[in-house]
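Residue numbers (full-length UniProt numbering): 1 to 224.
Below is one structure, written out as structure tokens; the observations come after it.
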DNA sequence: CGAGTTTGACCAGCGC
DNA sequence: GCGCTGGTCAAACTCG
Ligand SMILES: [Zn+2]
């Protein structure tokens, strides 16, 4: 979870071009090897038809090659931007962690301030979570998006509800759960409905279980 | 009767 | 300092 630190994006963008050109060439050879029988109108028709197909295939192939080239350029540009942003974020983390060594870190609202789809996660959240990875002292926080009608999340663990709160800008309340193995297990979770899509539950897990899953059969229909 | 849930009160951080 | 807000506590309540 969140451990995908790979800076290089590797995508195979050769969308069947080789295969396509090979089959095209085979067909081309086949057509060329056809015995020529002069005066045969049927053969002429076939030849015209074949050449039409050939021309269409070549057109298609050129189009796909051009598309492939365009996508490769786009990917290169995106990779370059990703690398630059990553470097920037790391620089920010280093500067803030060195400067905040004198200041005590705030006790609350570290990673839970914003709630929304993964695409709309803001920059400060990303920076905070990156900080989370850098210093291993704070409990691990992970967020999941689950499509569910009720507030029940089948994640294989037993939870005890210890609070519910109406949160600003959300008509649905947020529920607070502790692992039923507490205080031995320190894991907590928060469950609330997504403001954008009310059929989606936003589940935030805090910490890691130090015991086996009591209900391993329960699968998590996660949307990530 | 014990375990789990509900819900109002309380506490602490943060912005103004 | 004050009000707002999110997180937690704990008494009351429910359910098997
Ligand atoms: Zn646990």
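Built from N, CA and C at the ideal position, the CB exists for glycine as well.
Item: Residue 200 - partner residues in DSSP beta bridges; Value: 147
Item: Top-ranked residue by Cα proximity to residue 185, from 174, 170, 158, 69; Value: 158
Item: Any non-hydrogen atom of ligand 1 closer than 7 Å to residue 203 Cβ; Value: no
Item: Span separating the alpha-carbon of residue 166 from that of residue 212; Value: 32 Å
Item: Close-in-space but distant-in-sequence residues of the same chain around residue 181 (CB under 7 Å, 5 per side omitted); Value: 211
Item: Residue 60 (DSSP reduced to helix, strand or coil); Value: helix
Item: Nearest-angstrom Cα separation, counted from residue 59 out to residue 215; Value: 57 Å
Item: Distance between residue 63 and residue 69 (C-alpha atoms, nearest Å); Value: 10 Å
Item: Terminal residues of the beta strand (DSSP E) in which residue 163 lies; Value: 159-166
Item: Inter-residue CB distance, residue 144 and residue 203 (contact presumed, cutoff 8 Å); Value: 5 Å
Item: CA-to-CA distance, residue 208 to residue 160, given in whole angstroms; Value: 16 Å
Item: Straight-line Cα distance separating residue 67 from residue 52; Value: 22 Å
Item: Residue 185 Cβ short of 7 Å to ligand 1 heavy atom set; Value: yes
Item: Straight-line gap, residue 148 to residue 195 (C-alpha atoms, nearest Å); Value: 14 Å
Item: Within 8 Å, strictly: CB atoms of residue 205 and residue 141; Value: yes
Item: Beta-carbon separation (whole angstroms), residue 172 vs residue 190, contact threshold 8 Å; Value: Between residue 190 and residue 172 the Cβ distance is about 12 Å, and since that is not below 8 Å, they are no contact.
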